[in-house]
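Numbering (my numbering), first residue to last: 8 to 196.
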């Protein structure tokens, strides 16, 4: 189902095609910047990355729209694999603290929840959970992994409530000085 066919949907999560997201990329990135409290210039550096992600194996995207047809939430991910930047970063961090069988358990067959964001004025109303549940259907993977900044947040509460567990804590990704947690859980939710 295409979001373009349902512009007035409120609090309903719809699957977005790569074409749907390309058409709304500016809006989706503005939402991302607002939700993460990043500087507006972040949009320029993230746009090529989001476009590159759309062609990865298993890429799926969901969105939610308000009554005016404006994007209220966005989530996407794909199957993680060797050679991908995030995969290699997490494998390096996990290899330093976990036995090989645990590294393989998490990194062998997973869906990477790459982005999940709700517009600040729409947060706290259950939309993040709707997006996450919608995205986790039909991933084709046995587990899901994600990274999120350390510290209390609505995202943390959501992930804990849905059974995500610690995989790697206080990890610093190359290029970002903030500590992150890598969380995971088995699928289905």
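Positions of the beta carbon are idealized from the N, C-alpha and C atoms, including for glycine.
Terminal residues of the continuous beta strand (DSSP E) containing residue i?
i	result
residue 150	150-156
residue 33	Here residue 33 belongs to no beta strand (DSSP E); instead the alpha helix (DSSP H) covers 32-43.
residue 67	67-72
Are the Cβ atoms of residue i and residue j separated by less than 8 Å?
i	j	result
residue 134	residue 79	yes
residue 6	residue 150	With the chain covering only 8 through 196, there is no way to say anything about residue 6.
residue 119	residue 166	no
residue 49	residue 40	yes
From residue i to residue j, what distance separates their C-alpha atoms?
i	j	result
residue 42	residue 87	24 Å
residue 10	residue 139	At residue 10, the pLDDT of 39 sits below 50, so the modelled position is not reliable; the number obtained from the coordinates is stated separately. If I take the Cα positions, the gap works out to 17 Å.
residue 108	residue 152	16 Å
residue 112	residue 192	11 Å
residue 128	residue 171	25 Å
residue 114	residue 174	10 Å
Assuming residue i and residue j make a contact with CB atoms under 8 Å, what is their CB distance in whole Å?
i	j	result
residue 97	residue 20	No, residue 97 and residue 20 are not in contact; Cβ-Cβ is about 27 Å, not under 8 Å.
residue 64	residue 23	Not confirmed; about 17 Å, so no contact.
In the structure shown, what three-state DSSP assignment does residue i receive?
i	result
residue 173	strand
residue 88	coil
residue 54	helix
residue 134	helix
Along the alpha helix (DSSP H) that carries residue i, what are the first and last residues, could you check?
i	result
residue 110	107-114
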